[in-house]
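Shown next, in structure tokens, is the structure this report addresses.
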Amino acid sequence: MTTTVKPKIQVPEKKKESASRGSVYQSNQLNLWYDTNHALKNIDLDIKENEVTAIIGPSGCGKSTYIKTLNRMTETIPSVKTSGEIIYRGKNILEKGYKFEELRTKVGMVFQKPNPFPKSIYENIAYGPRIHGIKNKKILDQIVEKSLRGAAIWDEVKDRLNENAYSLSGGQQQRICIARCLAIEPDVILMDEPTSALDPISTLKVEELVQELKKEYSIIIVTHNMQQAARISDKTAFFLNGEVIEFDETDKIFSNPSDKRTEDYISGRFG
Amino acid sequence: MTTTVKPKIQVPEKKKESASRGSVYQSNQLNLWYDTNHALKNIDLDIKENEVTAIIGPSGCGKSTYIKTLNRMTETIPSVKTSGEIIYRGKNILEKGYKFEELRTKVGMVFQKPNPFPKSIYENIAYGPRIHGIKNKKILDQIVEKSLRGAAIWDEVKDRLNENAYSLSGGQQQRICIARCLAIEPDVILMDEPTSALDPISTLKVEELVQELKKEYSIIIVTHNMQQAARISDKTAFFLNGEVIEFDETDKIFSNPSDKRTEDYISGRFG
Amino acid sequence: ACGGEEEEASNGTDGDATDAETSENEDAASDTSSEDGELEGQVTGDGSSTVAPIMEAIVEEYAAVQPEVQVSSGVSGTGGGFEKFIAGETAFSNASRPIKEEEAAALEEAGIEYTEVELGFDGLSVVVSQENDWVDHLTVEELKAMWVESGEEKTWADIREGWPEEPIEFYSPGTDSGTYDYFNEVILEEEDIVRSATLSEDDNVLVQGVLGSPNAIGYFGYAYYLENQDTLKVVPIDNGEGPVEPTNETIESGEYAPLSRPLFTYVKNSSISENAAAADFITFAIENAGDLAEAVGYVRAPQELYDEDMETIESLK
Amino acid sequence: MNYIDHESVAKKTNSRLLKNKVLKSIFLAATMFGLIVLAILLYRIVTQGSEYLSLEFFTSFASRIPENSGIKAAILGSIYLMLVVAPISMFLGVGTAVYLEEYAKKNKLTNFIRINISNLAGVPSVVFGLLGLTIFARFFGLGISILAAGLTMSLLILPIIIVAAQEAIRSVPKELRDASYAMGATKWQTILRIVLPAAIPGILTGSILALSRAIGETAPLVVLGIPTILMFTPDSILSTFTALPMQIFDWTKRPQVAFHDVAAAGIIVLMTLLIIMNSIAVFIRNKYQKRY
Amino acid sequence: MSMKEPNSTLNVQELIAQKSNRGLLSFVEKLMPKLLLAIAIVSVLTTLGILATLVVETYIFFTRVPFWEFITGTEWYPFANSTPTFGVLPLVIGTLKITGIAVLVAVPLGIATAIYLSEYASHRARKVIKPILEVLAGVPTIVYGFFALTFVTPILRSISPEVSIFNAISPGIVVGIMIIPMIASLSEDAMNSVPNSMRDGAYALGSTKLEVAIKIVLPAAISGIVASTVLAISRAIGETMIVAVAAGSTPRFDGDLTGSIQTMTAYIVQVTTGDAGYGTTIYYSIYAVGFTLFIFTLIMNMLAQYISKRFREEY
Ligand SMILES: Nc1ncnc2c1ncn2[C@@H]1O[C@H](COP(=O)(O)OP(=O)(O)OP(=O)(O)O)[C@@H](O)[C@H]1O
Ligand SMILES: Nc1ncnc2c1ncn2[C@@H]1O[C@H](COP(=O)(O)OP(=O)(O)OP(=O)(O)O)[C@@H](O)[C@H]1O
Ligand SMILES: [Mg+2]
Ligand SMILES: [Mg+2]
Ligand SMILES: O=P([O-])([O-])[O-]
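Chains as they are written, first to last, in this note's numbering: chain A, 1 to 271; chain E, 1001 to 1271; chain H, 2001 to 2317; chain G, 3001 to 3292; chain R, 4001 to 4315.
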């Protein structure tokens, strides 16, 4: 009647130079409520440049909520209240009057389910630059190509830029969404379980892409797939019930977690 | 990158007298298609009286389809085609002209999500007898009480029989649904993942109830929870891709399966 | 039979009926209910909108006397009313002109015999807005020149020299109305009415239309003019003997010519003989038509006409 | 190479935000426009008509004298009309919806019926008036009766009720039907005892809204030519009658301005009826919204 | 707790076996679908009834008036003593004037309202505003007609003396007001059904609400919005009482909006409230006009269905 599970998660070797990097995000005593539901509790995290930071934790622990707070997408939910601060590049983005539209041009976001706009592939990529005032067709063409290349999908779609994005497969759609992000040349890319709706092959492609992107961008990725976190991230934060239980180098978390609950979670004892 | 899982599922001791029991259901070379989707393939199963038979298998393997065929609930889906036979109490229920309404008064069914009618508790239980022509208020009263007692929920609801069934908790609702089945004193009770929508405590209550009911009824239960199958069933059938891979005493299946795929499944290697 | 008794009684009161409708109402009420008790039945009518105010008053007063008799009347215009009358759908049909030959023929073909009953007189009133400060009177010829379609847009200056060069706006009752028919007969003389005219069965449309513009002209029943005499200006008509304004006197005397005309209701004979309620209602109508016509702004007919009608109806019972 | 100059983006943000604000106010103003029109309309009608609104207004018949005018015949006529329309339209509407949702196979006939219903919903009411006049009043010889008008109105609102009932039936979860079938119930038993009771709030809501449309419809009555001069209340469905909107129409046509105020009083009554019916519908909708 | 005590008086299966009346049940079971089909056919019969009514009398009309004259004639003058003319175009033009003005009023306001409700308004505001708009949609048209004649027209006349008491503008505006709720509510439904993930995608790129509304939601919901507009146009074409009360009754073939006009519906009302001389050409003409009206609205309805089916966005 009891099940005993003992997982082994292998973490690939990674260069460690984290200490020398600057911070992009620092959350200090961040709290967030949905009405009375205290979804984030005193989060302190320091996220470094040009790294992949993974956020793991059981369902409902606040992963998505946290990552959404980083570009103030929680703004769209009227019941949300916050306290504490999130320092992005030296400024507290939670401050009143902070223009989150501006923030979001520097912080791209990729969602769980691919959500291209129901427009042509070209128009999907050009959307961001357009709303920010770029109208020159030539420049737009260049941006579209560069972004699609950056998202490693140029070759697959270059002949069908005018087709509706929904004619693509799920994996391709997700890379279009990543390309759409890249088009505004962000500084940080937030990804909320970007592969959970994809098949294994598409997942692999997106993971490879993340590894590639990390050279240019800081990436924060939520995942419920521990293997994925182990494979692609440099740092991992483990969330539980709205709290950060542990935040450390990825290999440390998976080989030798300091907290019992982290160990229980990564060994599959709950969640 | 690899996870190694080695489960141990403990099967409680059970009296074994199966061989001496009569059959309620025998499916012979049963096949079923949803349009072109071949959902059940040559199913041969012999289900005995007054036993609990569990059906396990990964999602989409045909468990629900099989159990629905047993009371011809697949009838409600127009695209379904079948071949082979299901002998219930000596008659092939798949034969043309077999009155399935009559069959269903002898074969009760409990569903995954509790689905009481949006009526009073009393009317829920009285529904079956009523549609079969029983109108005498006294007899109905007796049936209602007896059925609710049978489903071990009489004490909880006896003072609120006129309340809407949706005012009850999920676990209570599920027992109301079981009571509703009992009201027509069926011969067999089919249960399709009856606890998957319930909390652990309600689950326990329903499991206990199943153990109790087995004294009087033959029970066939679909479950994706292997522990549950181990705990409550006498026999277990393992389905995979619409086929029966293995069908045997529950403790045999869980301790010493003869098929590699069964072993893989119960050890959590897939599904 | 009951209608007969009533007739004598009411004839008595008819002479000394007062102008005030309330007391008249009481008279009528005491008359019938004391002698006849309660009648029951249905009487359906339709027809002229010109006659409608009189008929409404009659029905309303009658309901106080015989509450169990269900009298209803639609307002479909004289022609529309006759259509239903010919189809046998109605027992009486109100008309603001005498029945036409074709209509009479159709009734004969349908086997419906009928009796013409006088209700009162109307002076078809030609009106303009009070803002119109140039029209003092119109001759019959001028009226015709105005209203007949000539193929060109007409201005006031076309009618009489010195009047402004503003296009005339025309408002006329619908072509199925008795009012139109009458106007058609005496003024247009079967020529086409100007095409730019707004034709409406809805008298308020006409009143509002004329009120709305100093260049507008319209015509309709005398009662509608009286209702709006504060805001409308009536145009005296010169038929060769000097301009005459429509008033009770000029209409009844026929001095207001040619636009003074009788108002009728046509009654199906078989209804009178077979339906006691219908007979009673029509008797009541004849007795009270004169007073009620005046009460709603029309002119009573000479008493001899009412008496003749009463005799005819009596003979049918 | 960088195409996006984040500094200029930042500069432009302000004007974009301003644009957003300005248009938001415009959208809000547009939304308020409808509400304000409604307020003006109600205000005008109430101020114009309240003078004539008294108990006598309900207990007296129409009269040639504005002060004596009332809506006894009209309001009773409207009520009788609804008493004819409600059962007929609901019987036909719910029956059709049950057929389409529960029995209809996917074939050409079904498809035709569906398309036909949505087209019927768009046929102008004045055309329904012609249908009523030609078929019910003349061809079937019902005359200008409550029955003729009631049948006409029933057909007029039939598509609305069908669609509402279809939605209500569709929203009854499949699980409930399955539970009933699993008890050995036949299809019709399941429909009658499980589906329809569960769908009733939705059906009622839709039907009340449809009836509130019917009670205010004027054009078909005008085309039928129902009378306005009558001083009695109908005693059978074959009686002739008048109805509230028709009476109001008649009053607005009168040359005497006082009758316009009487019309306004009639409108107050009609609008009150409508708002009560709407509120009942909204109440039922809210009360039974999520039950499963 | 045991269910089958030997001394139990109750044996439900036996009772069921006694009581069940399978014969009757299966008869009802076979009867009901047929009965319900018969009921469902009533709606088809209604359409057939309408068609039959219109076609038969229209046919008679065309035996008296040449079809060609009817559909191309620019003079509608049925009441002439000498030569009545039956060119339907003036009535069509009248209808189009009303419809055009109504669309000009209702489309911007309706869509703006829909955008506000779906993209800007709080949940609470929406919950208050939507039922009020429903009331606006339920106001009887005779009330609107009265409103047009006694409120809107005087205002227009005080603005411009050009405007006569009966004109196209006032009823046009009021018909527009009448169809605002229809456009607003159906468009809002269409915009609401655009998945939030799409909005999130746009917000995450730094879009303002306006940009999301105009560049993402509106295009994604366009088929629903267009379909609702077409439906509303169909309503405007068929609207009767407002025009009968406030637009006048002068059929004219010109572009003037300030003077009295006549629409197809108003003509039908005009004739049936008086001029319906049974058997006359005028009597048959209302069916021909009704048929024309029916075809107009039928085309619009089919168009709306086609648009919402054909151009449904895939996401
Ligand atoms: N829009 C919302 N309104 C109210 N509560 C919310 C909302 N979104 C999330 N929550 C609540 O906040 C808590 C954290 O949710 P969140 O979505 O951040 O979890 P998560 O870790 O991303 O889970 P998952 O792995 O399922 O995506 C949960 O309790 C959830 O119910
Ligand atoms: N109503 C249906 N129409 C068409 N195909 C169906 C239908 N129901 C099930 N199927 C298909 O039949 C196959 C077996 O489905 P079934 O529901 O029996 O699986 P299951 O073992 O009960 O899975 P689960 O554990 O998810 O309930 C699947 O491929 C499924 O997609
Ligand atoms: Mg999440
Ligand atoms: Mg299943
Ligand atoms: O309604 P009329 O009196 O003009 O026929």
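From the three backbone atoms N, C-alpha and C, an ideal C-beta is built for every residue, glycine too.
With respect to the alpha helix (DSSP H) encompassing residue i, which residues constitute its N-terminal and C-terminal limits?
i, result
"Y1122(E)", "I1121 to I1131"
"L1030(E)", "Counting along the chain, L1030(E) falls outside any alpha helix (DSSP H), though it belongs to the beta strand (DSSP E) covering S1023 to Y1034."
"F3091(G)", "K3072 to V3098"
"P114(A)", "Taken as a continuous stretch (DSSP letters only), P114(A) belongs to no alpha helix (DSSP H), as it is neither H nor E."
"I1189(E)", "From DSSP, I1189(E) is part of no alpha helix (DSSP H) but of the beta strand (DSSP E) over V1188 to D1192."
"I3226(G)", "Run containing I3226(G): none; DSSP gives neither H nor E here."
"T3218(G)", "Looking at the DSSP string, T3218(G) is not in any alpha helix (DSSP H), and its letter there is neither H nor E."
"T3047(G)", "H3006 to G3049"
"A3121(G)", "K3108 to A3121"
DSSP state of residue i, grouped into three classes?
i, result
"M1226(E)", "helix"
"E2024(H)", "Because the pLDDT at E2024(H) is just 38, under 50, the model does not fix this residue reliably, and the value given afterwards should be weighed accordingly. If DSSP states are grouped into helix, strand and coil, E2024(H) belongs with the helices."
"S2030(H)", "For S2030(H), the predicted model reports a pLDDT of 36, less than 50, meaning its position is unreliable and no value from the coordinates is stated."
"K1215(E)", "coil"
"V5(A)", "Its pLDDT being 42, under 50, V5(A) is placed unreliably by the model, and the measurement read from it follows with that caveat. Of the three classes helix, strand and coil, the one that applies to V5(A) here is strand, per DSSP."
"P2098(H)", "coil"
"W4076(R)", "strand"
"K4127(R)", "helix"
"Y2219(H)", "strand"
"E3056(G)", "helix"
"I43(A)", "strand"
"P257(A)", "coil"
"M4300(R)", "helix"
"E2035(H)", "With a pLDDT of 46 at E2035(H), under the threshold of 50, the modelled position of this residue cannot be trusted; read the value that follows with caution. DSSP places E2035(H) in helix when its eight states are reduced to three."
"L3982(R)", "Nothing can be reported for residue 3982(R), as the shown portion of chain R is limited to 4001 through 4315."
Using 8 Å for Cβ pairs, my map puts residue i next to residue j. What's the rounded Cβ distance?
i, j, result
"G2290(H)", "G2120(H)", "7 Å"
"S1196(E)", "H1224(E)", "7 Å"
"V3094(G)", "A3165(G)", "5 Å"
"G4206(R)", "E123(A)", "Actually they are not in contact, since the Cβ atoms of G4206(R) and E123(A) sit about 17 Å apart, beyond 8 Å."
Could you spell out where the beta strand (DSSP E) holding residue i opens and where it closes?
i, result
"A237(A)", "K235 to L240"
ask   = Whole beta strand (DSSP E) runs in the segment 1127-1167 of chain E with 3 or more residues, listed along the chain?
value = none
Chain-ordered residues of the segment 3172-3204 of chain G with a beta carbon less than 8 Å from chain E = P3173, E3175, L3176, R3177, D3178, A3179, S3180, Y3181, A3182, M3183, G3184, A3185, T3186, Q3189, R3193, I3194, P3197 and A3198
inquiry  = So if I threshold CB-CB distances at 8 Å, which residues from the segment 2188-2207 of chain H count as touching chain R?
reply    = L2188, E2190, E2191, D2192, I2193, R2195, S2196, A2197, T2198, L2199, S2200, E2201, D2202 and V2205
query = Using a Cβ cut-off of 9 Å, which residues of the segment 4211-4239 of chain R contact any Cβ in chain A, in chain order?
reply = E4211, K4215, I4216, P4219 and A4220
Under 9 Å (Cβ pairs) to chain G, residues found in the segment 2071-2104 of chain H = Taking 9 Å as the Cβ-Cβ cut-off against chain G, the residues of the segment 2071-2104 of chain H that qualify are V2071, S2072, S2073, G2074, V2075, S2076, G2080, K2084, A2087 and E2089.
task = Would you list, in chain order, the members of the segment 2286-2304 of chain H that have their beta-carbon closer than 9 Å to a beta-carbon of chain G?
result = Residues L2292, A2295 and V2296.
request  = Within the segment 4149-4186 of chain R, note down every full beta strand (DSSP E) run reaching 3 residues or more, in order along the chain.
outcome  = Positions of the beta strand (DSSP E) runs, each at least 3 residues long and wholly inside the segment 4149-4186 of chain R, cannot be given because no such run exists.
query = What are the residues of the segment 2150-2169 of chain H that lie near chain R, defined by any Cβ-Cβ distance shorter than 8 Å?
reply = E2169
Alpha helix (DSSP H) segments (min. 4 residues) lying fully within the segment 4210-4291 of chain R = 4222-4238, 4241-4246 and 4264-4270
request  = Select from the segment 4238-4260 of chain R all residues with a C-beta closer than 7 Å to any C-beta belonging to chain A, and list them in chain order.
outcome  = none
task = Below 7 Å between beta carbons is the criterion; list the residues of the segment 4070-4095 of chain R that meet it against any residue of chain H, in chain order.
result = Y4077, F4079, A4080, N4081 and S4082
query = Which runs of the beta strand (DSSP E), 3 residues or longer, sit entirely within the segment 2159-2221 of chain H?
reply = 2169-2173, 2198-2200 and 2216-2220
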